[in-house]
Amino acid sequence: MWNELNTYFDLAPLTLKGIGMAVLCGSLVGIERQIFGKPAGIRTSILVCMGAYGFVVLANFGPGQHPDAGRIIGQIVTGVGFLGAGVMMTHSGNIMGVTSAAVIWILAAMGAFIGMERYASAFTLSLLTLFVLLGINWVERHVKPLGRGIHKPVDLDKEESGKTED
9 MWNELNTYFD
19 LAPLTLKGIG
29 MAVLCGSLVG
39 IERQIFGKPA
49 GIRTSILVCM
59 GAYGFVVLAN
69 FGPGQHPDAG
79 RIIGQIVTGV
89 GFLGAGVMMT
99 HSGNIMGVTS
109 AAVIWILAAM
119 GAFIGMERYA
129 SAFTLSLLTL
139 FVLLGINWVE
149 RHVKPLGRGI
159 HKPVDLDKEE
169 SGKTED
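According to this note's numbering, numbering within the sequence shown proceeds without interruption in unit steps and concludes at 174.
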């Protein structure tokens, strides 16, 4: 079926199957992020996944080329790290958006898997990501000592002198 569709829509080197998987995996995670009002919602999730997919496919495209997939994937990780840093912020001394930044990295990994035609791995990673996001959220709400983590800055001067405020 996918090959027939690809003959009608010449997207080389991209494939409809790859694009579809990137949209599916990005959507699964993006819907959860959007429902809970997080910075990286459906659109961002799909675009990060599709972008990583596109870069990996592009790296392997071209006659006579011998791509170094590790370098391409390394550059994706670096670039997506900057994107993730953009969703993190500090408000009243609390650091917020760390999970969203980590999710953006995982979305790029999904896209890289799809670009390497490891569709099952990408889909499994998206399901595991959902399990972590939803499962840990449930645990944090129901187990009091594991309440939602708020990261506060540490005053090193007080730590070194042994004086701490509890």
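Where is the CB? At the ideal position from N, CA and C, for every residue including glycine.
Since the structure is predicted, the reported quantities are computational estimates derived from the model, not experimental observations.
Between the C-alpha atoms of I122 and L24, what's the straight-line distance to the nearest angstrom? For the purposes of this step, residue 122 is taken as residue 114 along the sequence shown, with counting starting at 1. For the purposes of this step, residue 24 is taken as residue 16 along the sequence shown, with counting starting at 1. I122 and L24: Cα-Cα distance of roughly 11 Å.
Identify the residues that DSSP records as bridge partners of H150: which are they? Within the sequence shown, the letter at position 142 stands for residue 150. In DSSP, H150 forms no bridge with anything.
Taking 8 Å as the threshold, find out whether the segment 112-129 comes into contact with the segment 79-90 through three or more Cβ pairs. yes
Buried or exposed: Y106, going by 16 or more other Cβ atoms within 10 Å of its Cβ? Reading the sequence shown from its first residue, position 98 is the one you call residue 106. Just to set this straight, residue 106 is Val in the shown sequence, not Tyr. When all chains shown are included, V106 counts as exposed.
Which one of P47, G143, L142 and M124 has the shortest CA to CA distance from M8? A query on residue 8 cannot be resolved here, the shown segment of the chain reaching from 9 to 174 and no further.
Among T52, I43, E148 and G94, nearest to G119 - alpha-carbon criterion: By one-based count along the sequence shown, residue 119 stands at place 111. Minimum Cα distance to G119 is reached at T52.
Just mark V65 as buried or exposed, buried being the case when its beta carbon has 16 or more other beta carbons within 10 Å. The residue you call residue 65 lines up with position 57 of the sequence shown. Its Cβ being crowded by 16 or more others within 10 Å, V65 is buried.
Could you tell me the distance, in whole angstroms, from the CA atom of I202 to the CA atom of N102? Here the chain comprises residues numbered 9 to 174, so residue 202 is not present and cannot be evaluated.
Can you give me the C-alpha to C-alpha distance between V56 and G34, rounded to a whole angstrom? Mapped onto the sequence shown, residue 56 falls at position 48. Mapped onto the sequence shown, residue 34 falls at position 26. Whole-angstrom Cα-Cα distance: 8 Å.
Three-state class that DSSP yields for M124 in the structure shown: Taking the first residue of the sequence shown as 1, we reach residue 124 at position 116. In this structure, M124 counts as coil in the three-state DSSP scheme.
DSSP three-state assignment for N145, whether helix, strand or coil: Working through the sequence shown from its first residue, we reach residue 145 at position 137. Residue state, collapsed to three classes: helix.
Pairwise C-alpha distance: R41 and I144: Indexing the sequence shown from 1 puts residue 144 at position 136. Indexing the sequence shown from 1 puts residue 41 at position 33. Spanning the two alpha carbons is a distance of roughly 14 Å.
Check whether G92 and A77 have beta carbons under 7 Å apart: Locating residue 92 in the sequence shown gives position 84, where the first residue counts as 1. Locating residue 77 in the sequence shown gives position 69, where the first residue counts as 1. No, the pair does not count as a contact, with Cβ atoms beyond the cut-off.
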